[in-house]
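Enquirer: Shown below is the structure under consideration.
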Amino acid sequence: MLANEIRGEAHGTAPVPLSVLDLVTVGAGRTATDALRTSVAMSRLAEARGYHRYWVAEHHSMPGVASSSPAVILAHLAAHTERIRLGSGGVMLPNHAPLVIAEQFGTLEALAPGRIDLGLGRAPGTDGATAAALRRTDHLNEGADDFPQQLAELTRFLDDDFPDGHPYHRIHAVPGPVQATSPGGVQSPHRPPIWLLGSSGFSARLAGMLGLPFAFAHHFSAQNTVPALDLYRESFRPSTVLDAPYALIGVAALATDEEREARRQVRAAALNMVRLRTGRPGLVPTPEEAEAYEFSPMEEEFIGSWTANVVHGTPDEVRSGLDDLHKRTGADELMITSNAHSGDVRLRSYELVADAYGLPGGSSASEG
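Counting in the numbering used here, the sequence shown runs from 85 upward without gaps.
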């Protein structure tokens with residue numbers, strides 16, 4: 085079973101394992117290089133402070149999100165960490181040929197044995213035109229038929245077990261299990277566990293039926309969280325991967341030393357979301373820019389609903405909010421995404437959350 089590589093361990097007074105979701109956000113006046121250096125610093129901090137895993141999410145055509153190539157970023161983070169689990173949160177499978185993803189994550193597994201997660205989503209992670217450019221087709225099928233077939237094909241490439249007579253029987257994802265069957269071959273005992281990601285019931289049900297771990301995007305679909313987790317648990321069938329359900333939820337959370345500063349930072353991130361939702365994606369604005377911006381009544385209404393789902397404030401307030409969220413959802417793991425203009429603010433937030441729960445380690449493991 086892969087369960088030992090899926091289930092985490094809670095540290096300190098945290099009710100469940102805590103993890104990190106990194107969008108590699110780029111603030112105004114900053115470069116992608118700055119954002120990626122922050123990601124290295126955050127992954128090292130997360131490892132030093134006892135966060136369980138560190139995931140990177142695939143997005144495209146968004147100036148303020150520099151995570152278009154999760155596998156490349158994860159390889160870089162693997163070179164700067166030693167123990168923390170690294171993974172995709174997620175790879176948008178319809179954008180890619182399953183063989184390519186099997187090869188990429190087989191390579192990551194070879195670079196960081198026993199530390200790689202493969203989280204998969206069925207949304208494009210971008211707008212329709214960009215998805216068409218990625219896939220070289222205007223036919224975008226994300227329905228009930230296509231994604232399960234792609235998932236099954238990817239799983240067979242990872243396990244190297246296409247049946248005799250299948251067109252891909254003699255095609256092998258390398259690095260992968262086929263190397264163990266070659267003369268003198270020795271293969272790693274690890275294989276990246278597959279997670280299904282979702283913001284509705286489709287992936288929840290599929291993950292349950294296949295006995296896979298499930299990650300729900302509470303940070304942008306909070307109203308669906310409890311129904312999706314209930315559906316996952318009701319649909320769950322034990323598998324060779326898991327004997328019982330395991331679900332994490334992505335949570336937007338930002339801790340600062342002062343409550344007012346948390347509100348300033350979150351309002352700037354909210355302005356970024358307003359621009360994204362109205363077809364004007366850009367770099368994450370500064371809090372000063374957000375303070376000077378004149379929001380329309382409709383924009384203010386959106387910001388109110390969006391910020392209501394961001395756990396923010398002092399460390400004690402964030403800890404209380406995360407505890408309440410865990411009680412309401414029964415999630416097995418909380419994956420925190422802290423979005424702010426400044427990398428230093430994001431780093432500080434993860435440090436403060438770790439301190440609030442008494443996680444192991446001391447001050448920041450790295451600056452950058």
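We treat Cβ as the ideally placed atom computed from N, Cα and C, and that holds for glycine. Fair warning: this is a prediction, and the values are worked out from it, not measured in the lab.
Kindly indicate which three-state DSSP category Val-262 falls into: helix, strand or coil?
Expert: In the structure shown, Val-262 sits in a helix (DSSP, three-state: H, G or I).
Enquirer: Hey, how far is the Cα of Ser-323 from the Cα of Tyr-316?
Expert: 14 Å
Enquirer: Specify the secondary structure class of Leu-106 as computed by DSSP and reduced to three states.
Expert: The sequence shown places Asp at residue 106, rather than the Leu named in the question. Note: Asp-106 maps to strand in three-state DSSP.
Enquirer: Assign Asp-439 to one of three DSSP states: helix, strand, or coil.
Expert: helix
Enquirer: Output needed for Ala-354: all residues of its chain with C-beta closer than 6 Å, excluding positions within five of it in sequence on either side, in chain order.
Expert: Ile-387, Trp-390 and Thr-391
Enquirer: Using the C-alpha atoms, what's the distance from Arg-121 back to Ser-127?
Expert: 10 Å
Enquirer: Just list the alpha helix (DSSP H) runs in the stretch 110-182, keeping only unbroken ones of 4 residues or longer that don't cross its boundaries, in chain order.
Expert: Taken in chain order, the unbroken stretches of alpha helix (DSSP H) that lie wholly in the stretch 110-182 and span 4 residues or more are 116-132 and 154-164.
Enquirer: Three-state secondary structure (DSSP) at Phe-298?
Expert: strand
Enquirer: Among the residues of its own chain, which have a CB less than 7 Å from the CB of Tyr-252, if the five just before and after it don't count?
Expert: Closer than 7 Å at Cβ, skipping near neighbours: Phe-246.
Enquirer: By how many angstroms is the C-alpha of Tyr-138 removed from the C-alpha of Ala-336?
Expert: When rounded, the separation of the alpha-carbon atoms in Ala-336 and Tyr-138 is 15 Å.
Enquirer: By how many angstroms is the C-alpha of Val-104 removed from the C-alpha of Asp-314?
Expert: Cα to Cα, the separation comes out at about 23 Å.
Enquirer: Is there a C-beta anywhere in chain B that falls below 9 Å from the one on Val-358?
Expert: Annotation note: the requested chain B is absent from the structure, which comprises a single protein chain.
Enquirer: Which residues in the same chain as Asp-439 place their Cβ atom closer than 7 Å to its Cβ, once the five residues preceding and following it in sequence are excluded?
Expert: Cβ neighbours of Asp-439 beyond the five flanking positions: Pro-399.
Enquirer: Rounded to a whole number of angstroms, what is the C-alpha to C-alpha distance between Arg-364 and Thr-421?
Expert: Going by the C-alpha atoms only, they are around 22 Å apart.
Enquirer: According to DSSP, Asp-201 sits in a beta bridge with which residue or residues?
Expert: Gly-171
Enquirer: For Trp-279, write down the residues that DSSP places opposite it in a beta bridge.
Expert: Gly-203
Enquirer: Are the Cβ atoms of Gly-171 and Leu-129 separated by less than 9 Å?
Expert: Not a contact, by the Cβ cut-off of 9 Å.
Enquirer: Gly-173 and Ala-257 look like a contact to me (Cβ under 8 Å); what is the Cβ gap, rounded to whole Å?
Expert: Incorrect: roughly 21 Å between the Cβ atoms, too far for contact.
Enquirer: Straight-line CA distance for Thr-362 to Ser-266?
Expert: 54 Å
Enquirer: Expressed to the nearest angstrom, what Euclidean distance is found between the alpha-carbon atoms of Ala-163 and Val-156?
Expert: 11 Å
Enquirer: Take the Cβ of Phe-304 as the centre, count every other Cβ of all protein chains shown within 10 Å, and call the residue buried at 16 or more, exposed below.
Expert: exposed
Enquirer: Assuming the contact rule is C-beta atoms closer than 8 Å, Ala-352 and His-396 should be a hit. Round their C-beta distance to whole Å, please.
Expert: Contact flag wrong, Cβ pair sits at about 12 Å.
Enquirer: Trp-279 and Ala-299 - do their beta-carbons sit closer together than 9 Å?
Expert: yes
Enquirer: Decide if Asp-244 is buried, meaning its Cβ has at least 16 other Cβ atoms within 10 Å, or exposed.
Expert: buried
Enquirer: Assuming Gly-292 contacts Pro-329 under a Cβ cut-off of 8 Å, what Cβ separation, rounded to an integer in Å, is found between them?
Expert: 7 Å
Enquirer: Taking C-beta to C-beta, are Val-270 and Thr-340 nearer than 9 Å?
Expert: no
Enquirer: Span of the beta strand (DSSP E) holding Glu-417?
Expert: Unbroken beta strand (DSSP E) run through Glu-417: 417-421.
Enquirer: Ignore the nearest five residues each way along the sequence and tell me which others in Gly-268's own chain have a CB closer than 8 Å to its CB.
Expert: none
Enquirer: Name the two residues that bound the continuous beta strand (DSSP E) containing Ile-457.
Expert: Absent from the structure is residue 457, since the part of the chain shown begins at 85 and ends at 452.
Enquirer: Run through DSSP, which three-state label would Gly-469 get?
Expert: Given that the chain is displayed from residue 85 to residue 452, the structure contains no residue 469 and the question cannot be resolved.
Enquirer: Within 10 angstroms of its Cβ, does Pro-147 collect 16 or more other Cβ (buried), or is it exposed?
Expert: exposed
Enquirer: With distances taken between CB atoms, is the gap from Val-368 to Val-108 smaller than 9 Å?
Expert: no
Enquirer: From Ala-94, Arg-432, Ala-194 and Gly-427, pick the residue whose C-alpha is nearest to that of Ser-123; which is it?
Expert: Gly-427
Enquirer: Buried or exposed: Met-382, going by 16 or more other Cβ atoms within 10 Å of its Cβ?
Expert: exposed
Enquirer: Do Pro-101 and His-136 have their C-beta atoms closer together than 9 Å?
Expert: yes
Enquirer: When DSSP builds the beta bridges, which residues end up paired with His-396?
Expert: Leu-338
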